[in-house]
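Residue numbers (the numbering used here), protein chains in the order written: chain A, 398 to 480; chain B, 398 to 480; chain C, 9 to 165; chain D, 9 to 165.
Glycine is no exception: its CB is placed at the ideal position from the N, C-alpha and C atoms.
As the structure is a computational prediction, the values presented were derived from the model and not from experiment.
Here is the structure we will look at, set down as structure tokens.
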Amino acid sequence: MKLTVRYVAALRDRMGRAEADLDLPEGIADSEALIGHLRAAEPAAEALSHPSVRLILNDAIVPRPAPLSDGDTLAFCPPFTGG
Amino acid sequence: MKLTVRYVAALRDRMGRAEADLDLPEGIADSEALIGHLRAAEPAAEALSHPSVRLILNDAIVPRPAPLSDGDTLAFCPPFTGG
Amino acid sequence: MADITIEILHESLDPAAETGALAGRDASAGGLATFVGQVRDEPGLKALELEYYPGVTKQALQRIAQTAARRWMIARAVIKHRVGRMTLGEPIVFVAAAAAHRREALDAVGYMIDMLKTEAPFWKRVHTDTGAHWVEAVDADRDAADFWMEEIASEDA
Amino acid sequence: MADITIEILHESLDPAAETGALAGRDASAGGLATFVGQVRDEPGLKALELEYYPGVTKQALQRIAQTAARRWMIARAVIKHRVGRMTLGEPIVFVAAAAAHRREALDAVGYMIDMLKTEAPFWKRVHTDTGAHWVEAVDADRDAADFWMEEIASEDA
Chain A
398 MKLTVRYVAA LRDRMGRAEA DLDLPEGIAD SEALIGHLRA AEPAAEALSH PSVRLILNDA
458 IVPRPAPLSD GDTLAFCPPF TGG
Chain B
398 MKLTVRYVAA LRDRMGRAEA DLDLPEGIAD SEALIGHLRA AEPAAEALSH PSVRLILNDA
458 IVPRPAPLSD GDTLAFCPPF TGG
Chain C
9 MADITIEILH ESLDPAAETG ALAGRDASAG GLATFVGQVR DEPGLKALEL EYYPGVTKQA
69 LQRIAQTAAR RWMIARAVIK HRVGRMTLGE PIVFVAAAAA HRREALDAVG YMIDMLKTEA
129 PFWKRVHTDT GAHWVEAVDA DRDAADFWME EIASEDA
Chain D
9 MADITIEILH ESLDPAAETG ALAGRDASAG GLATFVGQVR DEPGLKALEL EYYPGVTKQA
69 LQRIAQTAAR RWMIARAVIK HRVGRMTLGE PIVFVAAAAA HRREALDAVG YMIDMLKTEA
129 PFWKRVHTDT GAHWVEAVDA DRDAADFWME EIASEDA
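Quick look at the structure:
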């Protein structure tokens, strides 16, 4: 499954990049499984598992866990601090 | 006791004048006694006794009954409708 | 103590200019809340006329703003109120509060507008096609003011 | 249904002009409430930088304004939010509601500003003399949004 992940704001700093195109192995069905996969590859991804992290899937803010499909773009976002 | 009374807004219309200088007999110690005195002279003054009527004594909004002194100016006001 | 500005205006009130004068003015204030009360359409409306009590009305507004500044953490409070004749859509009153925190600014403005409706000597008269009438006091306004007076009395106690 | 205006602004936001455009505009609206969030002073502050999520942020603000318009009787709702770099005192966000009744306008503005703090994708970064840091989420903001979400869910139920 192909997936684009985005790291936003403080998570972009933490991960050292804004975006990555991933080619995922079978069996990664949702955001939480993806986080587990990313953590295995790099310890910094532990930050993604914090319950305060919000998800934007394609063009919508979605709750966790978010089911993933081929071609999705998933953004990991720190808590919003607008206004 | 000399007293100036003012009738404000709708009460001015009701009383047919804005102001009157009064020379009151003995024994009219407060606003409520004054209202009784005015009602005896003209029925329209009944409107002054309505509990919604507010008083301005000289330069202050005061609760009823308001004690009166020689030389005071007492304004009878309909409920305030600002803003 | 908060900076307080009170004005009774005979000519015109410009909410845009008032807002412009306040925006960004207080370095410690992250929030500026404002409220503009304006002449609302009603059948046959030609003009609204506002009467006040010189020497007393401004003092009453001052007291309302001071109470707001004691009750909420605000850096600035403004009340500017028109008197005289106004037409449809024209501003009647501008109320503002600047504060470090938004809730303080919003609540202070809510308090000030609630209180000035019934606790400052103003009287509204509506001129229509068919004549003029004094605006009646609204029970809900009375209730709003009573709510605050009880609330503040219980805090002071 | 209320008239809703949402804008993400990259350059400048002028609360005076926004207020001027709204004052007197809705004949049925006796009240216009506004809130301006602005860059507050903090030690060493040089600039505030605001990041957003194109394609999603505006939609989130739209949803907040729509919910406000369903919950309160308002004629108009406006949210205009800056992104990019801002300096001390500069406006970050302008929120407004026009309504027949003041309480509806004030509460709708309070709701919108509470919600956009935590429910619209924006991220604040503070640049100071000594570097830059991302602004942490504030528990009180989270609590304010949770309050409204429970309140509105219980009304819809």
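Look up residue i in the DSSP assignment and say whether it is helix, strand or coil.
i: Val101 of chain C; result: strand
i: Pro464 of chain B; result: strand
i: Gly28 of chain C; result: helix
i: Met94 of chain D; result: strand
i: Glu443 of chain B; result: helix
i: Trp156 of chain C; result: helix
i: Glu429 of chain B; result: helix
i: Val86 of chain C; result: strand
i: Ala35 of chain C; result: coil
i: Asp164 of chain D; result: helix
i: His434 of chain A; result: helix
i: Asp456 of chain A; result: coil
i: Thr138 of chain D; result: coil
i: Val47 of chain C; result: coil
i: Glu15 of chain D; result: strand
i: Ala73 of chain D; result: helix
i: Tyr404 of chain A; result: strand
i: Glu416 of chain B; result: strand
i: Glu127 of chain D; result: helix
i: Val144 of chain C; result: Per the sequence shown, residue 144 of chain C should be read as Glu rather than Val. DSSP places Glu144 of chain C in coil when its eight states are reduced to three.
Are the beta-carbon atoms of residue i and residue j separated by less than 9 angstroms?
i: Thr42 of chain C; j: Phe102 of chain C; result: yes
i: Ile14 of chain D; j: Ala73 of chain D; result: yes
i: Leu419 of chain A; j: Val402 of chain A; result: yes
i: Ile100 of chain C; j: Leu56 of chain C; result: yes
i: His18 of chain C; j: Gly92 of chain C; result: yes
i: Glu50 of chain D; j: Val134 of chain D; result: yes
i: Asp122 of chain C; j: Arg110 of chain D; result: yes
i: Leu408 of chain B; j: Pro475 of chain B; result: yes
i: Ala116 of chain C; j: Ala108 of chain C; result: no
i: Val44 of chain D; j: Gly39 of chain C; result: yes
i: Arg436 of chain B; j: Ser449 of chain B; result: no
i: Leu114 of chain D; j: Gly118 of chain C; result: yes
i: Phe473 of chain A; j: Ala145 of chain D; result: no
i: Arg411 of chain B; j: Ala441 of chain B; result: yes
Am I right that residue i and residue j are in contact with their C-beta atoms under 8 angstroms? What's the rounded C-beta distance?
i: Ala37 of chain C; j: Arg48 of chain D; result: 7 angstroms
i: Leu452 of chain B; j: Leu431 of chain B; result: About 10 angstroms separates the two Cβ atoms, so there is no contact after all.
i: Gly479 of chain B; j: Lys125 of chain C; result: 6 angstroms
i: Ala76 of chain D; j: Ala128 of chain D; result: So it is not a contact: roughly 13 angstroms between Cβ atoms.
i: His487 of chain B; j: Leu454 of chain B; result: Here chain B covers residues 398 to 480 and nothing more, so residue 487 of chain B does not appear.
i: Ile160 of chain C; j: Arg79 of chain C; result: 6 angstroms
Let me know if residue i comes out buried or exposed under the rule of 16 or more other beta-carbons within 10 Å of its beta-carbon.
i: Met1 of chain D; result: Residue 1 of chain D lies beyond the stretch modelled for chain D, which goes from 9 to 165, so this question has no answer here.
i: Met94 of chain D; result: buried
i: Thr136 of chain D; result: exposed
i: Ala444 of chain A; result: buried
i: Lys132 of chain D; result: buried
i: Met81 of chain C; result: exposed
i: Glu112 of chain D; result: buried
i: Lys88 of chain C; result: buried
i: Arg84 of chain C; result: buried
i: Phe224 of chain D; result: Chain D is shown only over 9 to 165; residue 224 of chain D falls outside these bounds and no answer can be derived.
i: Asp149 of chain C; result: buried
Counting beta carbon pairs with one atom in the region 457-466 of chain B and one in the region 422-442 of chain B, are three or more of them shorter than 8 angstroms?
yes
Per the contact definition of three or more C-beta pairs closer than 8 angstroms, is the region 19-33 of chain C in contact with the region 21-38 of chain D?
yes
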